[in-house]
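Quick note, the sequence shown lines up with residues 406 to 525 if you use this note's numbering. The beta carbon of each residue, even a glycine, is placed where N, CA and C say it ideally should be. Working notes, beginning with the structure itself.
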Amino acid sequence: RPGHFFILFSDIPSFFQIKIASCQKCFRTSDIDEVGDESHLTFIEMLGNFSFTRALAKGSGYFKTEAIKLAYEFLFKELKLPLKDAVFTVFEGDQNVPADTEAILIWKKLGISENKIKKC
Numbered sequence: 406r407p408g409h410f411f412i413l414f415s416d417i418p419s420f421f422q423i424k425i426a427s428c429q430k431c432f433r434t435s436d437i438d439e440v441g442d443e444s445h446l447t448f449i450e451m452l453g454n455f456s457f458t459r460a461l462a463k464g465s466g467y468f469k470t471e472a473i474k475l476a477y478e479f480l481f482k483e484l485k486l487p488l489k490d491a492v493f494t495v496f497e498g499d500q501n502v503p504a505d506t507e508a509i510l511i512w513k514k515l516g517i518s519e520n521k522i523k524k525c
C-alpha cells in the first residue's frame with residue numbers, strides 16, 4: 406500500500422530502523438498479453454529489502470553491493486536454493502537511465518557466470 410514506510414520519517418525514535426524487509430502482493434496488468442508464457446505471471450509476491458538510513462544514519466545503512474550480497478546469502482546459504490537453477494536479472498537501461506553495469510560486476514564477484522546474468 407502506498408506510504409507504508411511513512412513512520413520511518415516521523416520523529417518517533419522507537420520506529421527508527423536501519424534495515425527493512427517487505428513482502429508485497431502484486432497483480433500485473435501492464436503486460437497482460439504476455440501472461441502465461443514461460444516467464445510472465447499474473448500474480449506474484451515481491452520481496453524487498455531496503456535501507457532508508459544510508460545518509461541519515463551516517464553510513465550505517467547499505468546500498469547495492471550490500472543488498473546483492475544479502476540476497477545471495479539468504480537465497481543460497483540460508484534457504485539453500487540450488488544456484489544452478491537461478492537466473493539473475495539486471496536493468497538493461499533505456500533512453501533515460503543507463504544499464505546497471507555495477508550490478509553485473511557485483512554478481513560476477515560473487516561467482517555468478519555471465520551467461521546466468523540477464524539484462525531486462
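Apply the 10 Å Cβ neighbour rule to residue i and answer buried if 16 or more other Cβ atoms are within range, or exposed otherwise.
{"i": "Ala504", "result": "exposed"}
{"i": "Ile449", "result": "exposed"}
{"i": "Ile437", "result": "exposed"}
{"i": "Arg406", "result": "Residue confidence for Arg406 is low, a pLDDT of 44 falling below 50, so the modelled location carries little weight; the figure read from the coordinates is stated next. Per the 10 Å Cβ criterion, exposed."}
{"i": "Ala426", "result": "exposed"}
{"i": "Ala508", "result": "buried"}
Under three-state DSSP, which class holds residue i?
{"i": "Asn520", "result": "helix"}
{"i": "Leu510", "result": "helix"}
{"i": "Glu497", "result": "coil"}
{"i": "Lys424", "result": "coil"}
{"i": "Phe432", "result": "strand"}
{"i": "Leu484", "result": "coil"}
{"i": "Phe468", "result": "coil"}
{"i": "Phe452", "result": "Before going on, a small fix: residue 452 reads as Leu here, not Phe. DSSP places Leu452 in strand when its eight states are reduced to three."}
{"i": "Asp505", "result": "coil"}
With distances taken between CB atoms, is the gap from residue i to residue j smaller than 8 Å?
{"i": "Lys521", "j": "Phe493", "result": "yes"}
Just confirm the distance between the C-beta atoms of residue i and residue j, as a whole number of angstroms; I'd bet it's less than 8 Å.
{"i": "Ile511", "j": "Lys469", "result": "7 Å"}
{"i": "Asn454", "j": "Lys424", "result": "7 Å"}
With a threshold of 7 Å (Cβ to nearest heavy atom), would residue i be considered close to the ligand MG?
{"i": "Lys521", "result": "Absent from the structure shown: the ligand MG. Ligands present: none."}
With a CB to CB cut of under 6 Å and the five nearest residues on each side skipped, what residues in its chain are close to residue i?
{"i": "Lys489", "result": "none"}
{"i": "Tyr467", "result": "Ser456"}
{"i": "Leu452", "result": "Cys428"}
Counting only the same chain and skipping the five closest in sequence on each side, list residues whose C-beta sits under 7 Å from that of residue i.
{"i": "Ala472", "result": "Asn454"}
{"i": "Tyr477", "result": "Leu515"}
{"i": "Thr447", "result": "Phe432, Arg433 and Val440"}
Output needed for residue i: all residues of its chain with C-beta closer than 8 Å, excluding positions within five of it in sequence on either side, in chain order.
{"i": "Lys523", "result": "Val492, Phe493, Thr494 and Val495"}
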